[in-house]
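First up is the structure itself, then whatever we jot down about it.
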Amino acid sequence: MRVLGIETSCDETGVAVYDSEAGLLAHLLHSQAAMHAEYGGVVPELASRDHVRKLVPLLDEVLIRGGRRGRGGIDGIAYTAGPGLVGALLVGAAVGRSLAFAWRVPSVAVNHMEGHLLAPMLEPDGPEFPFLALLVSGGHTQLVAVDGVGEYRMLGESLDDAAGEAFDKTATLLGLPYPGGPELAALAEAGDPDRFRFPRPMTDRPGLDFSFSGLKTFAMNTINDSPGDPETRAAIARAFEEAVVDTLVIKCRRALEHTGLERLVVSGGVSANRRLRLSMGALADELSISVHYPRLAFCTDNGAMVAYAGCQRLLAGAEEPLAFGALARWPLDSLGPPGAGLKD
Ligand code: KG4
Ligand code: ZN
């Protein structure tokens with residue numbers, strides 16, 4: 004089955020063609036980051052308008068690259084229907100649902116976090132079920148026990164800021180441009196690891212939930228109490244990054260021990276972080292388990308993960324009515340296995 008995937012949940016317009024036999028045939032991405040940088044964060048109305056401008060030309064191009072112009076053997080369409088910015092989501096949903104209607108093929112509403120969760124399966128050495136997934140993106144930090152597509156048990160999540168959000172907000176405090184996560188990570192590379200020590204929030208009590216907003220406040224106080232020279236800023240970035248990474252590793256270790264799972268998936272934008280990958284690799288070696296990530300280009304938002312997740316559901320017979328929608332919030336553990344469709 005050949006599936007066209009569409010991602011417009013936030014500030015990236017992503018499209019892809021995935022074939023269940025041949026694998027990923029083509030993918031394209033337009034990032035709005037430069038447009039939003041001027042405002043220090045995503046402006047929802049501007050995001051929607053830019054998806055409107057970019058989506059159809061990108062679709063035209065990805066279909067050419069993935070085979071032929073136009074329908075070109077597409078058997079189904081997958082679009083992100085949530086969670087995310089509703090105006091932005093509706094652009095992808097309306098285009099995706101309408102194309103499916105015109106082409107007389109089924110379409111499926113994909114949960115964005117399910118896309119992230121399954122993204123490592125696009126790789127040749129991707130994980131088999133079951134596995135533990137740590138989802139670390141700009142909007143979510145979640146630990147999920149995964150038994151199969153749609154079979155998700157939420158073990159823990161952030162009670163306040165997501166890991167990526169904490170990276171971005173701390174980066175802003177350090178005067179770095181939006182989106183700050185990768186910028187902060189780059190600054191941290193040169194930072195003295197012994198100069199500051201930040202707390203590891205919620206690790207001294209049992210449980211698998213996270214809280215990162217205190218870390219951001221800790222960073223703010225440290226910045227205010229310290230000189231603003233480049234070495235100090237780098238050392239603060241380093242201490243912050245190490246605190247986030249350590250906290251994520253501590254909770255992953257706990258969840259692996261608790262569930263007995265032998266495969267770990269780390270996915271979402273923050274899974275691109277080099278130091279996080281190093282530490283998770285060390286944890287995996289120590290516990291003799293395997294760890295899987297998406298390729299770097301598919302850690303952050305993209306159309307390929309949506310095409311892949313949608314393909315799994317379409318193969319299982321999922322099909323939607325003509326009426327479509329988008330959900331700002333759409334918990335992963337409300338999904339159910341393929342065939343369940345969009346619930347609200
Ligand atoms: O998954 P994603 O593209 O969007 C959401 O679904 O939210 O994740 C974006 C987040 C941003 O907060 C960004 O700063 C963060 O991922 N990020 C990173 C790195 N690359 C992206 N954070 C830390 N280190 C990185 N290398
Ligand atoms: Zn995302």
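Residue numbering for the sequence shown follows the numbering used here, beginning at 4 and increasing consecutively.
Even glycine gets a Cβ: it sits at the ideal position worked out from N, Cα and C.
1. Among all the DSSP beta bridges, which residues are the ones paired with Leu-267?
2. Nearest to Arg-236 by CA position, among Pro-123, Glu-10, Ala-191, Arg-5, is which residue?
3. Do Gly-194 and Gly-167 have their C-beta atoms closer together than 8 Å?
4. Taking the CB atoms as reference points, tell me whether Leu-92 and Ala-84 lie closer together than 8 Å.
5. Look at the Cβ atom of Lys-254, then the Cβ atom of Phe-215, and state whether they are nearer than 8 Å.
6. Closest to Phe-134 by C-alpha separation, out of Ala-287, Val-113, Tyr-311, Gly-320, would be which residue?
7. Identify the residues that DSSP records as bridge partners of Tyr-155: which are they?
8. Can you give the beta carbon distance from Leu-283 to Val-269, rounded, assuming they're within the 8 Å contact cut?
9. Measuring only from the beta carbon, is Ala-275 closer than 7 Å to any heavy atom that is part of the ligand KG4?
10. Check whether the stretch 158-174 touches the stretch 307-316, counting contact only when three or more Cβ pairs, one atom from each stretch, lie closer than 8 Å.
11. Would the beta-carbon of Gly-271 be found less than 7 Å away from any heavy atom of the ligand ZN?
12. Are the stretch 22-32 and the stretch 43-57 in contact at 8 Å, needing three or more beta carbon pairs?
13. The ligand KG4 and Thr-206: does the residue's C-beta get closer than 7 Å to at least one heavy atom of that ligand?
14. Could you give the DSSP three-state label for Glu-322: helix, strand or coil?
15. Measure the beta-carbon distance from Leu-62 to Val-111 and round it to whole angstroms, keeping in mind my assumption that it falls under 8 Å.
16. Please report the Cβ distance between Pro-182 and Asp-171, rounded to the nearest whole angstrom; I am assuming they are in contact, meaning their Cβ atoms lie under 8 Å.
17. Let's see if you can read the secondary structure: which residues bound the beta strand (DSSP E) around Leu-7?
18. Phe-301 and Phe-243 look like a contact to me (Cβ under 8 Å); what is the Cβ gap, rounded to whole Å?
19. Among Pro-86, Glu-117, Glu-126, which has the Cα closest to the Cα of Leu-27?
20. Using only the alpha-carbon positions, how far apart do Ala-319 and Val-113 sit?
21. What residue from Arg-257, Glu-15, Gly-178 has the CA that sits closest to Gly-95's CA?
22. Do His-30 and the ligand ZN come close, with the Cβ less than 7 Å from some heavy atom?
23. Is Glu-117 helix, strand or coil when you go by DSSP?
24. Can Asp-304 be considered in contact with the ligand ZN, in the sense that its beta carbon sits closer than 7 Å to one or more heavy atoms?
25. By alpha-carbon positions, which one of Leu-88, Ser-101, Arg-68 ends up nearest to Val-79?
26. Starting from Asp-163, follow the beta strand (DSSP E) in both directions and report where the run begins and ends.
27. Alpha carbon to alpha carbon, what distance is there between Leu-264 and Leu-7?
28. Under the DSSP definition of a beta bridge, which residues are partnered with Phe-213?
29. Does at least one heavy atom of the ligand ZN sit under 7 Å from the Cβ of His-115?
30. Taking 8 Å as the limit between beta carbons, can you name the residues of its chain near Pro-340, skipping five residues before and five after?
31. If you follow the alpha helix (DSSP H) that Thr-83 is in, where does it begin and where does it stop?
32. For Arg-72 and Ala-97, I'd like the C-alpha separation in whole angstroms.
33. Report buried or exposed for Asp-53, applying the criterion of at least 16 other Cβ atoms within 10 angstroms of its Cβ.
34. Where DSSP assigns a beta bridge to Ala-19, which residues make up the other side?
The short version:
1. Residue mapping note: residue 267 aligns to position 264 of the sequence shown, counting from 1. Bridge partners of Leu-267: Leu-135, Val-294.
2. As a first step, residue 236 is located in the sequence shown; it is residue number 233 there, counting from the start. When each option's Cα is compared against that of Arg-236, the closest is Ala-191.
3. If you number the sequence shown from 1, residue 194 lands on position 191. If you number the sequence shown from 1, residue 167 lands on position 164. Contact: no.
4. Mapped onto the sequence shown, residue 92 falls at position 89. Mapped onto the sequence shown, residue 84 falls at position 81. Cβ atoms of Leu-92 and Ala-84: closer than 8 Å.
5. Reading the sequence shown from its first residue, position 251 is the one you call residue 254. Reading the sequence shown from its first residue, position 212 is the one you call residue 215. Going by C-beta atoms, Lys-254 is not nearer than 8 Å to Phe-215.
6. As a first step, residue 134 is located in the sequence shown; it is residue number 131 there, counting from the start. The option with the nearest alpha carbon to Phe-134 is Ala-287.
7. Translated into positions along the sequence shown, residue 155 becomes position 152. According to DSSP, which records beta bridges pairwise, Tyr-155 is partnered with Val-149.
8. Translated into the one-based positions of the sequence shown, residue 283 becomes position 280. Translated into the one-based positions of the sequence shown, residue 269 becomes position 266. The sequence as given places Met at residue 283; Leu does not occur at that position. The Cβ separation is near 6 Å, so the contact holds.
9. In the sequence shown, residue 275 corresponds to position 272, counting from 1. Checking every heavy atom of the ligand KG4 against the Cβ of Ala-275, one is found closer than 7 Å.
10. no
11. In the sequence shown, residue 271 corresponds to position 268, counting from 1. Checking every heavy atom of the ligand ZN against the Cβ of Gly-271, one is found closer than 7 Å.
12. no
13. One-based indexing of the sequence shown puts residue 206 at position 203. Thr-206 Cβ: outside cutoff for every heavy atom of the ligand KG4.
14. Position 319 of the sequence shown, counted from the start, is the residue given in the question as residue 322. In this structure, Glu-322 counts as coil in the three-state DSSP scheme.
15. Working through the sequence shown from its first residue, we reach residue 62 at position 59. Working through the sequence shown from its first residue, we reach residue 111 at position 108. About 17 Å separates the two Cβ atoms, so there is no contact after all.
16. Start at 1 with the first residue of the sequence shown, and residue 182 comes out as number 179. Start at 1 with the first residue of the sequence shown, and residue 171 comes out as number 168. Indeed, because the Cβ distance is near 6 Å, the residues count as touching under 8 Å.
17. Counting from one through the sequence shown, the residue named residue 7 turns up at place 4. Counting along the chain, the beta strand (DSSP E) containing Leu-7 begins and ends at 5-10.
18. Within the sequence shown, numbered from 1, the residue matching residue 301 stands at position 298. Within the sequence shown, numbered from 1, the residue matching residue 243 stands at position 240. Not quite, the Cβ-Cβ distance comes to about 25 Å (not below 8 Å), so this is no contact.
19. Translated into positions along the sequence shown, residue 27 becomes position 24. Looking at the Cα atoms, Glu-126 is the closest of the given residues.
20. Against the sequence shown, residue 319 aligns to sequence position 316. Against the sequence shown, residue 113 aligns to sequence position 110. Going from the Cα of Ala-319 to the Cα of Val-113 covers about 14 Å.
21. Position 92 of the sequence shown holds residue 95. Nearest of Arg-257, Glu-15, Gly-178 to Gly-95, Cα basis: Glu-15.
22. The residue given as residue 30 occupies position 27 in the sequence shown. No.
23. Against the sequence shown, residue 117 aligns to sequence position 114. Correct three-state label for Glu-117: helix.
24. Here residue 304 refers to the residue found at position 301 when the sequence shown is read from its first residue. Asp-304: yes, Cβ under 7 Å from the ligand ZN.
25. As a working note, residue 79 is residue 76 in the sequence shown. Note on identity: in this sequence residue 79 is Gly, with Val being the wrong assignment. Comparing Cα-Cα distances from Gly-79 to each of Leu-88, Ser-101, Arg-68, the minimum goes to Ser-101.
26. Residue 163 sits at position 160 when you count from the first residue of the sequence shown. Asp-163 -> no beta strand (DSSP E), and no H or E assigned at all.
27. On the sequence shown, residue 7 is found 4 positions in, with the first residue counted as 1. On the sequence shown, residue 264 is found 261 positions in, with the first residue counted as 1. Approximately 33 Å, taken between the alpha carbons.
28. As a first step, residue 213 is located in the sequence shown; it is residue number 210 there, counting from the start. In DSSP, Phe-213 forms a bridge with Ser-161.
29. Against the sequence shown, residue 115 aligns to sequence position 112. Yes, Cβ of His-115 sits closer than 7 Å to a heavy atom of the ligand ZN.
30. Counted from its first residue, the sequence shown places residue 340 at position 337. Result list for Pro-340: Gly-151, Val-152, Gly-153, Glu-154, Ala-319, in chain order.
31. Taking the first residue of the sequence shown as position 1, residue 83 is located at position 80. From DSSP, Thr-83 is part of no alpha helix (DSSP H) but of the beta strand (DSSP E) over 79-85.
32. As a first step, residue 72 is located in the sequence shown; it is residue number 69 there, counting from the start. As a first step, residue 97 is located in the sequence shown; it is residue number 94 there, counting from the start. Taking the straight line from one Cα to the other gives about 20 Å.
33. Residue mapping note: residue 53 aligns to position 50 of the sequence shown, counting from 1. Looking at its Cβ environment, which holds 16 or more other Cβ atoms inside 10 Å, Asp-53 is buried.
34. On the sequence shown, residue 19 is found 16 positions in, with the first residue counted as 1. According to DSSP, which records beta bridges pairwise, Ala-19 is partnered with Gly-8, His-30.
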